[in-house]
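When the letters of the sequence shown are read in order and numbered with the working numbering, they come out as residues 1275 to 1639.
Glycine included, C-beta positions come from ideal geometry on N, C-alpha and C.
In what follows, a single structure is set out as structure tokens and then discussed.
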Amino acid sequence: MPLSFDIVSNPNPTSAARLAQILANPGFVNHFSDHMAQATWTAAQGWHDSAVTAFDAWAMSPGSAVFHYAQEIFEGLKVYRHQDGTIWLFRPEMNAQRLQRSASRLDLPQLTVEDFLTSVNALARVDEAWVPSGDEMSYYMRPFMVADEAFLGVHSASRVRYAVIGGPAAPYLADGMTPVDIWVTTTYSRAGDGGTGGVKCGGNYASALAAQREGSQHGCPQVLFTDAAHHEWIEELGGMNFFAVRSDGMLITPPTAGTILEGITRDSILTLAPSLGLTPDVRPLSIAELLDGIATGQIREAFACGTAAVVTPIGRLTHRVNGVVESADLAEPLGEATSAIRKALVDIQWGRAEDRFGWMHRVGQ
Ligand code: PLP
Ligand code: COI
1275 MPLSFDIVSN
1285 PNPTSAARLA
1295 QILANPGFVN
1305 HFSDHMAQAT
1315 WTAAQGWHDS
1325 AVTAFDAWAM
1335 SPGSAVFHYA
1345 QEIFEGLKVY
1355 RHQDGTIWLF
1365 RPEMNAQRLQ
1375 RSASRLDLPQ
1385 LTVEDFLTSV
1395 NALARVDEAW
1405 VPSGDEMSYY
1415 MRPFMVADEA
1425 FLGVHSASRV
1435 RYAVIGGPAA
1445 PYLADGMTPV
1455 DIWVTTTYSR
1465 AGDGGTGGVK
1475 CGGNYASALA
1485 AQREGSQHGC
1495 PQVLFTDAAH
1505 HEWIEELGGM
1515 NFFAVRSDGM
1525 LITPPTAGTI
1535 LEGITRDSIL
1545 TLAPSLGLTP
1555 DVRPLSIAEL
1565 LDGIATGQIR
1575 EAFACGTAAV
1585 VTPIGRLTHR
1595 VNGVVESADL
1605 AEPLGEATSA
1615 IRKALVDIQW
1625 GRAEDRFGWM
1635 HRVGQ
């Protein structure tokens, strides 16, 4: 039976004046909107008690498994307001399917694609007034699932909560176009063969925090991870996929291969590339090849991409070689290729270009 996410309205909604203040300067989800979608799963009953209710705190036992063993997965997707006022989701079925893959890996229950879509649509609809209309602004949604069984033995939870929360969002990094400096870590790994790097679970992000601290000590706000076995091959950033552009038009990104998240933005860029005169080149890329390409001028642009970050140019790569910290500057961070890719993508998302691939889903239809 499909779940219904019927709306129980928040009795104390945010005032119009306060909402206008929030929308004028939202940060990256500094404020959550008035409602949340939620459902409970138990081994005995399956999914039940689904509804959209007021955004509110949860009472959970301190013994709940998620607090101890991190049985948690999540998704991230945005609601875009088009110029005619309508609101749209970008490839939400891809998020639904990825949540299913994450659930399999963390041994959490499956939520159908249909139930996922119903939940995100219901929240977008009820909190439609929270979807901003400014340039680059959107409403960011965070569907997630947590183990909520109070038991300290290590086993898959027999009680799980699913919820969708969200709020207005500006680009994740600065204005989304200012180049970001990257620390290439060879100290820490984010993923290994057979691990959880290819799925979206909270543990991946917790384990990246020490690397982020290491990066910030070297003046870099974001970290690029390399392969765990040799620290030779580029993988991805803590919350974004990585691309390098070669001057002959090759658009290089490593294969996901179980250790890299299958980004929806990454997939969309690979699909758009040929129409922009770029050739997708999905293959392993070593740090040595990347640095050599930057030094010889063959690689003049590189960027990070993801739902939150959109397409963010990379300005500088800093790393440690034989104990010495060195930097390499990209010659043209927001160069022709990066700008064209960014524009092609955001023009579809904000309804300014034809949706050739049927990626946009109108909320409420
Ligand atoms: N890689 C990681 C580790 C991420 O957390 C994200 C963000 O979702 C991405 C890549 C980009 O994925 P997507 O484009 O689906 O947002
Ligand atoms: C997203 O882009 O949706 C993410 O989950 C990345 C996170 C760092 C905000």
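8 Å Cβ shell around Ile-1534 - same chain, five flanking residues per side excluded: These residues qualify, in order along the chain: Ala-1465, Gly-1471, Gly-1472, Glu-1509, Glu-1510, Asn-1515, Pro-1528.
Entirely enclosed beta strand (DSSP E) segments - the stretch 1337-1412, minimum 3 residues: Here the runs fully enclosed are 1346-1348, 1351-1355, 1361-1364.
Reference Ala-1328, options Leu-1397, Ile-1361, Ala-1317, Ala-1294, closest by Cα: Taking each of Leu-1397, Ile-1361, Ala-1317, Ala-1294 in turn and checking the Cα distance to Ala-1328, the smallest one comes out for Leu-1397.
Cβ pair Pro-1587, Met-1451 closer than 8 Å: It is a contact, given that the beta carbons lie within the stated cut-off.
Buried versus exposed call for Ser-1463 [16 or more other C-beta atoms within 10 Å across all chains shown]: Taking all protein chains shown into account, Ser-1463 has 16 or more neighbouring C-beta atoms within 10 Å of its C-beta and is therefore buried.
Gly-1567, DSSP secondary structure in three states: Helix, per DSSP.
Nonlocal neighbours in the same chain, by C-beta distance under 8 Å from Arg-1416, ignoring five residues either side: Around Arg-1416: Val-1303, Phe-1348, Glu-1349, Gly-1350, Val-1438, Ile-1439, Gly-1440.
Minimum C-alpha distance to Ala-1290 - residue among Asp-1401, Val-1585, Ala-1331: Of Asp-1401, Val-1585, Ala-1331, the residue nearest in Cα terms is Asp-1401.
Contact belief for Arg-1557 with Ile-1526 at Cβ below 8 Å, rounded distance in angstroms: With 8 Å as the limit, Arg-1557 and Ile-1526 qualify as a contact, their Cβ atoms being about 7 Å apart.
Given 8 Å, three or more beta-carbon pairs between the stretch 1372-1386 and the stretch 1443-1450: Judged by Cβ distances under 8 Å, the stretch 1372-1386 makes no contact with the stretch 1443-1450, as fewer than three pairs qualify.
Proximity test, Asn-1299 beta-carbon vs the ligand PLP heavy atom, cut-off 7 Å: No.
Spatially closest choice to Ala-1582 from Gly-1513, Ser-1335, Pro-1383, by CA coordinates: Measuring C-alpha to C-alpha distances from Ala-1582 to each of Gly-1513, Ser-1335, Pro-1383 identifies Gly-1513 as the nearest.
Cβ contact (3+ pairs, closer than 8 Å) linking the stretch 1588-1602 and the stretch 1620-1627: Too few Cβ pairs lie closer than 8 Å, so no.
Which of helix, strand or coil DSSP assigns to Leu-1447: Residue state, collapsed to three classes: coil.
Neighbourhood of Val-1585 by C-beta, 7 Å cutoff - its chain only, sequence neighbours within 5 removed: The residues are Phe-1577, Cys-1579, Thr-1612, Ile-1615, Arg-1616, Leu-1619.
Cβ contact check for the stretch 1364-1371 and the stretch 1300-1319: 3 or more pairs under 8 Å: Because the criterion of three Cβ pairs below 8 Å is not met, the stretch 1364-1371 and the stretch 1300-1319 do not touch.
C-alpha distance - Arg-1590 paired with Ser-1432, whole-angstrom precision: Roughly 47 Å between the two C-alpha positions.
For Ile-1526: DSSP bridge partner residues: Residue pairing for Ile-1526: DSSP places it in a beta bridge opposite Ala-1518, Asp-1555.
Limits of the unbroken beta strand (DSSP E) element including Gln-1319: Note, Gln-1319: premise wrong, no beta strand (DSSP E); not H, not E.
N- and C-terminal bounds of the beta strand (DSSP E) containing Gly-1580: Following the DSSP letters along the chain, one finds Gly-1580 inside the beta strand (DSSP E) bounded by residues 1573-1580.
Three-state secondary structure assigned by DSSP to Asp-1455: Strand, per DSSP.
Chain-order list of residues whose beta-carbon lies under 6 Å from that of Gly-1567 (same chain, five-residue window excluded): Short of 6 Å from the beta carbon of Gly-1567, and not among the five residues preceding or following it, lie these beta carbons of its own chain, in chain order: Ile-1573.
heavy atom of the ligand COI below 7 Å from Tyr-1436 C-beta: No.
Residues sharing a beta bridge with Val-1473, DSSP: Beta-bridge pairing links Val-1473 to no other residue.
Bridge partners - Gln-1496, DSSP secondary structure assignment: Assignment of beta-bridge partners to Gln-1496 by DSSP yields Ile-1456.
Distance CB(Phe-1279)-CB(Ser-1307) smaller than 8 Å: Taking 8 Å as the Cβ cut-off, Phe-1279 and Ser-1307 do not qualify as a contacting pair.
Shell residues, 5 Å Cβ cut-off relative to heavy atoms of the ligand COI: Those residues, listed in chain order, are Gly-1350, Gly-1513, Gly-1580, Thr-1581, Ala-1582.
Ser-1560, DSSP secondary structure in three states: Under the three-state reduction of DSSP output, Ser-1560 falls in the strand class.
Where Trp-1332 falls, given that 16 or more other Cβ within 10 Å makes a residue buried: Counting every other CB atom within 10 Å of its CB across the protein chains shown gives Trp-1332 a total below 16, marking it as exposed.
Spatial neighbours of Glu-1488 in its chain, beta-carbon cut-off 8 Å, leaving aside the 5 residues before and after: Trp-1457, Thr-1459, Thr-1461, Tyr-1462, Val-1497.
Local conformation of Thr-1545 per DSSP, three classes: Judged by DSSP in its simplified three-state form, Thr-1545 adopts helix.
Delimiting residues of the beta strand (DSSP E) encompassing Leu-1591: Residues 1584-1595.
Enclosing beta strand (DSSP E) for Glu-1600 [first to last residue]: Where Glu-1600 is concerned, the enclosing beta strand (DSSP E) starts and stops at 1598-1603.
8 Å Cβ shell around Met-1293 - same chain, five flanking residues per side excluded: Checking the displayed sequence, the identity of residue 1293 turns out to be Leu instead of Met. Ala-1403, Trp-1404.
Heavy atom of the ligand PLP within 7 Å of Gly-1537 beta-carbon: The answer is yes for Gly-1537.
Reduced DSSP category for Glu-1509 - H, G, I as helix; E, B as strand; rest coil: Three-state result, Glu-1509: strand.
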